[in-house]
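The next block holds one structure in the form of structure tokens; read it before the comments.
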Amino acid sequence: MTDAAQVNADQLAYWNGAGGERWVVEHTHTDVMLAPVAEAAIAHAAPRPGENVLDIGCGCGWTTLALAEAVSPGRVTGLDISGPMLAVAEQRAAGRGAVGWVQADAAAHDFAEDSFDLLFSRFGVMFFGDPVAAFANLRRAARPGARLVFACWRGLNENPWMLLPLQAAQTLVPPLPRPGPEDPGPFAFADTDRVTRILTGAGWTPPRFTKLDVTLDIAGGGGVDAAMDHATRIGAAARLLADQDEAIRQAAKQAIRAALAPHATPDGRVGLGGGVWLVDARNG
Ligand SMILES: C[S@@+](CC[C@H](N)C(=O)[O-])C[C@H]1O[C@@H](n2cnc3c(N)ncnc32)[C@H](O)[C@@H]1O
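The sequence shown begins at -16 in the numbering used here and counts up by one.
Structure follows, in structure tokens:
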């Protein structure tokens, strides 16, 4: 297997296995937490009634359904490699006409050419083994002049919502090896030069980068214990703790709780900063 094929195989296994299952369990919480990003990214994409939209790596479908409302009577396709996450999306969409779901790898799916006016993603495009090939495949599905708009994380240091729990967990567990600059993962698109190289290499216009700074309620309104649970299921601390024994996990949870408690407010929120790029480019 080539490196890229191996990465894709690993991602397929992860999002259909433990990773996807954790996103399913946490999906309502995560959608509350990431709502400020969804709102800003959709506003940035400016979807118009009648447009045909692709939501890449749509996960449990929140943004797909929001886009469907915005483009009605147009149509939105939510595409994802994760069966468990798409099952949630389909359930949520029951009774809504203008959405469709495809379980496929965005990098390799045989899209009908010139189909979409807008290709959108919230955090679903940083996991490709060969990103240039993946974005070239997506471009084939784009109509001439179509917009590509996605949200991706800036660096870990600009994302205290992920950094704080990770640092607390690392008081008990040694850090994982740092990912290489070309490795997929949540921070794989933090470097604007790299993203520019990938998108222009795939034939898109040179992208624009808009900084978005948001406060993310990592408790999803459920208080500091909910924030602690979420941080140990999704994100960098969760990955660090995944293979640890139960005693260490419990100790790390308490360390995370102590780090988050000062940020809790009486309304059940735990607000921490998130640093995002809104990226947009065009097909020609
Ligand atoms: C961080 S989650 C974001 C999910 C969703 N967009 C959201 O904001 O809630 C990343 C998503 O990308 C999907 N994904 C990863 N690689 C993919 C690929 N090659 N093709 C399609 N989806 C992919 C995962 O299954 C997962 O649902």
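By construction, the Cβ of each residue, glycine as well, lies at the ideal position given by its N, Cα and C atoms.
Exercise for the section: Quick one: grab the DSSP three-state call for Thr179. Expected result: If you number the sequence shown from 1, residue 179 lands on position 196. Helix, per DSSP.
Problem - Same chain, Cβ closer than 8 Å to Thr4, five either side skipped, listed in chain order - result: Along the sequence shown, one-based indexing puts residue 4 at 21. This sequence places Glu at residue 4; Thr is not what is there. Hits under 8 Å: Pro67.
Handout entry: Simplified DSSP assignment, three categories, for Gly128
Key = Reading the sequence shown from its first residue, position 145 is the one you call residue 128. It is a strand residue.
Problem - Asp63 beta carbon near ligand 1 (any heavy atom closer than 7 Å) - result: Taking the sequence shown and counting its residues from 1, the one referred to as residue 63 is at position 80. Yes, ligand 1 has a heavy atom inside 7 Å of this Cβ.
Handout entry: ligand 1 heavy atom lying under 7 Å from the CB of Gly168
Key = Locating residue 168 in the sequence shown gives position 185, where the first residue counts as 1. Because no heavy atom of ligand 1 lies under 7 Å away, the Cβ of Gly168 does not count as near it: no.
Practice task
Look at the Cβ atom of Ala28, then the Cβ atom of Leu101, and state whether they are nearer than 8 Å.
Solution key: For the purposes of this step, residue 28 is taken as the residue at position 45 of the sequence shown. For the purposes of this step, residue 101 is taken as the residue at position 118 of the sequence shown. Yes; because the gap between Cβ atoms is below 8 Å, this pair is in contact.
Practice task
Entirely within the stretch 22 to 64 and at least 4 residues each: give me those alpha helix (DSSP H) ranges in chain order.
Solution key: 45 to 54
Exercise for the section: Could you tell me if Gly138 is buried or exposed, where buried requires 16 or more neighbouring beta carbons within 10 angstroms of its beta carbon? Expected result: Residue numbering aside, residue 138 sits at position 155 when the sequence shown is read from its first letter. Looking at its Cβ environment, which holds fewer than 16 other Cβ atoms inside 10 Å, Gly138 is exposed.
Practice task
For the stretch -7 to 2 and the stretch 13 to 31, state whether three or more C-beta atom pairs, one from each stretch, are separated by less than 8 Å.
Solution key: no
Handout entry: Endpoints, the beta strand (DSSP E) within which Asp263 is located
Key = By 1-based counting over the sequence shown, the position of residue 263 is 280. Taken as a continuous stretch (DSSP letters only), the beta strand (DSSP E) holding Asp263 covers 254 to 265.
Problem - Best match in Gly257, Val59, Val197, Val178 for proximity to Ala264 [C-alpha to C-alpha] - result: Within the sequence shown, residue 264 is the residue found at index 281, counting from 1. Residue Val178 is the option with its Cα nearest to Ala264.
Practice task
Return the CA-CA distance between Val132 and Thr215, expressed in angstroms with no decimal places.
Solution key: Residue 132 sits at position 149 when you count from the first residue of the sequence shown. Residue 215 sits at position 232 when you count from the first residue of the sequence shown. Taking the straight line joining both Cα atoms gives about 30 Å.
Exercise for the section: Tell me whether Gln74 counts as near ligand 1, meaning its Cβ is closer than 7 Å to at least one heavy atom of that ligand. Expected result: Locating residue 74 in the sequence shown gives position 91, counting from the first residue. No, ligand 1 has no heavy atom inside 7 Å of this Cβ.
Problem - Closest Cα partner of Glu22 within the set Ala134, Ala129, Ala(-13), Ala117 - result: Within the sequence shown, residue 22 is the residue found at index 39, counting from 1. Comparing Cα positions, the closest option is Ala134.
Problem - Arg222 Cβ short of 7 Å to ligand 1 heavy atom set - result: Taking the sequence shown and counting its residues from 1, one reaches residue 222 at position 239. Answer for Arg222: no, Cβ out of range of ligand 1.
Exercise for the section: Quick one: grab the DSSP three-state call for Asp174. Expected result: Your numbering for residue 174 matches position 191 in the sequence shown. Asp174: coil per DSSP, three-state reduction.
Practice task
Helix, strand or coil for Thr(-15), going by three-state DSSP, please let me know.
Solution key: Walking along the sequence shown from the start, residue -15 turns up at place 2. It is coil, neither helix nor strand.
Handout entry: chain B contact for Pro164 (CB, 8 Å cutoff)
Key = No chain B appears in this structure, which consists of one protein chain only.
Practice task
Could you say which of Arg130, Arg79, Trp45, Asp250 lies nearest to Ala202 if we only look at CA atoms?
Solution key: Here residue 202 corresponds to residue number 219 of the sequence shown, with the count starting at 1. Comparing Cα positions, the closest option is Asp250.
Practice task
Return yes when the C-beta of Ala219 is under 7 Å from any heavy atom of ligand 1, and no when it is not.
Solution key: Position 236 of the sequence shown, counted from the start, is the residue given in the question as residue 219. No, ligand 1 has no heavy atom inside 7 Å of this Cβ.
Problem - Spatially closest choice to Val36 from Leu182, Ala129, Pro189, by CA coordinates - result: Stepping through the sequence shown from its first residue, residue 36 is reached at position 53. It is Ala129 whose Cα lies nearest to the Cα of Val36.
Exercise for the section: Could you name the residues of the same chain whose beta carbon sits closer than 7 Å to that of Thr47, not counting the 5 residues immediately before and after it, in chain order? Expected result: Working through the sequence shown from its first residue, we reach residue 47 at position 64. Asp38, Cys41, Val59, Gly61, Ala72, Val82, listed in sequence order.
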